[in-house]
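Trainee: Just so we're aligned, residue 17 is where the sequence shown starts under my numbering, counting upward by one. Note that the Cβ used here is the ideal one computed from N, Cα and C, for glycine as well. Keep in mind that this is a model prediction, so the values were computed, not measured.
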Amino acid sequence: MRAVLAALTDRHRPVLRWEDAAGASLELTGPVLANWVHKAHGLLSDLNAGPHLELGIVSAPETPLHWRALAGALAAWSLGAPVRIVDDESPAADWLALTTEARAQDPVTDSADEVLVYPTAPLALAADAPPETIDFATALRAFPDDAPLTPTPDVTFGDAAATQTVRLADLLPQDAAPGTTAEAAPAAEVVLTSAPRTDQDWAHVLEGLLRGLLVLRPNA
Numbered sequence: 017m018r019a020v021l022a023a024l025t026d027r028h029r030p031v032l033r034w035e036d037a038a039g040a041s042l043e044l045t046g047p048v049l050a051n052w053v054h055k056a057h058g059l060l061s062d063l064n065a066g067p068h069l070e071l072g073i074v075s076a077p078e079t080p081l082h083w084r085a086l087a088g089a090l091a092a093w094s095l096g097a098p099v100r101i102v103d104d105e106s107p108a109a110d111w112l113a114l115t116t117e118a119r120a121q122d123p124v125t126d127s128a129d130e131v132l133v134y135p136t137a138p139l140a141l142a143a144d145a146p147p148e149t150i151d152f153a154t155a156l157r158a159f160p161d162d163a164p165l166t167p168t169p170d171v172t173f174g175d176a177a178a179t180q181t182v183r184l185a186d187l188l189p190q191d192a193a194p195g196t197t198a199e200a201a202p203a204a205e206v207v208l209t210s211a212p213r214t215d216q217d218w219a220h221v222l223e224g225l226l227r228g229l230l231v232l233r234p235n236a
């Protein structure tokens, strides 16, 4: 993930556009998204996220990721933590829940070690987090903009029932070698309308971020 975030930092144009069903939207440049991932790395590290404490993003499979959840997922990978998309079934493994305000007290989060709550409003600075949960948006701001990342050769992802582990290099665009940039004409938009759970899904995510514009939008 260190090389991925370095490549993002070199992309000074928008790399991500998030949209919601009500018409709200937000674009993030590469450096801004990388900054949020670095901060999320610090928070998740403090919570002991890693190979034995996974990150579960509470989201219906047919719903696209929020940009804050995507930052959390990339940060979890940087710590070696598996990333699961969790809907109404809890993982059997130890996990941290990352969820919207609307699902902060959902029964599916009862088995989580900690519940991190993020606001869905594009520019909200804080979440309406219930007692004994963590306001993800507020907590991130206490962490540095540049985390001490270690190499991440493999990443793990899936849903509550199962995960798969692949080499991170196998998910990257073929021309996304360390040290390359993408400041030439951008590639086409890569649109995701559902939460990524497979290697193909995550390859599309990274293709959009590193070589085009990743668009996270609900189905019309």
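Looking only at DSSP bridge pairs, what is Q180 linked to?
Mentor: Along the sequence shown, read from residue 1 onward, the residue named residue 180 stands at position 164. In the DSSP output, where bridge partners are listed per residue, Q180 has F173.
Trainee: Any idea what DSSP makes of D122, helix, strand or coil?
Mentor: Translated into positions along the sequence shown, residue 122 becomes position 106. Reduced to three states, the DSSP call for D122 is coil.
Trainee: Using the DSSP secondary-structure output, state which residues sit across from T45 in a beta bridge.
Mentor: In the sequence shown, counting from the first residue as 1, residue 45 sits at position 29. According to DSSP, T45 bridges with P30.
Trainee: For E130 and A176, which I take to be in contact (beta-carbon distance under 8 Å), what is that distance rounded to the nearest angstrom?
Mentor: Mapped onto the sequence shown, residue 130 falls at position 114. Mapped onto the sequence shown, residue 176 falls at position 160. About 17 Å separates the two Cβ atoms, so there is no contact after all.
Trainee: Would you give the residue range spanned by the alpha helix (DSSP H) that E223 belongs to?
Mentor: In the sequence shown, counting from the first residue as 1, residue 223 sits at position 207. Here the alpha helix (DSSP H) through E223 covers D215 to R227.
Trainee: Is there contact between the stretch 176-185 and the stretch 144-157, where contact requires at least three CB pairs shorter than 8 Å?
Mentor: They do not touch, by the three-pair rule.
Trainee: Classify R227 as buried or exposed, calling it buried when 16 or more other Cβ atoms lie within 10 Å of its own Cβ.
Mentor: What you label residue 227 is simply residue 211 of the sequence shown in a count that begins at 1. That one is buried.
Trainee: In this structure, how does DSSP classify G66 when only helix, strand and coil are distinguished?
Mentor: Reading the sequence shown from its first residue, position 50 is the one you call residue 66. In the structure shown, G66 sits in a strand (DSSP, three-state: E or B).
Trainee: Helix, strand or coil for A198 per DSSP?
Mentor: Here residue 198 is taken as the residue at index 182 of the sequence shown, counted from 1. Confidence is the limiting factor: at A198 the pLDDT is only 46, short of 50, which leaves the residue's position unreliable, though a coordinate-based value still follows. It is coil, neither helix nor strand.
Trainee: Around the Cβ of H82, are there at least 16 other Cβ atoms within 10 angstroms (buried) or fewer (exposed)?
Mentor: On the sequence shown, residue 82 is found 66 positions in, with the first residue counted as 1. Looking at its Cβ environment, which holds 16 or more other Cβ atoms inside 10 Å, H82 is buried.
Trainee: Could you tell me which of A37, W111, T45 and L32 sits nearest to D26, measuring between CA atoms?
Mentor: For the purposes of this step, residue 26 is taken as residue 10 along the sequence shown, with counting starting at 1. Selected option, being the one with the closest Cα: T45.
Trainee: Whole angstroms is fine: what's the gap from A108's alpha carbon to V53's?
Mentor: Working through the sequence shown from its first residue, we reach residue 108 at position 92. Working through the sequence shown from its first residue, we reach residue 53 at position 37. Between A108 and V53, the C-alpha separation is close to 26 Å.
Trainee: How far does the alpha helix (DSSP H) with L188 in it extend, from its first residue to its last?
Mentor: For this step, residue 188 is matched to residue 172 along the sequence shown. First-last for L188: undefined, no H or E at that position.
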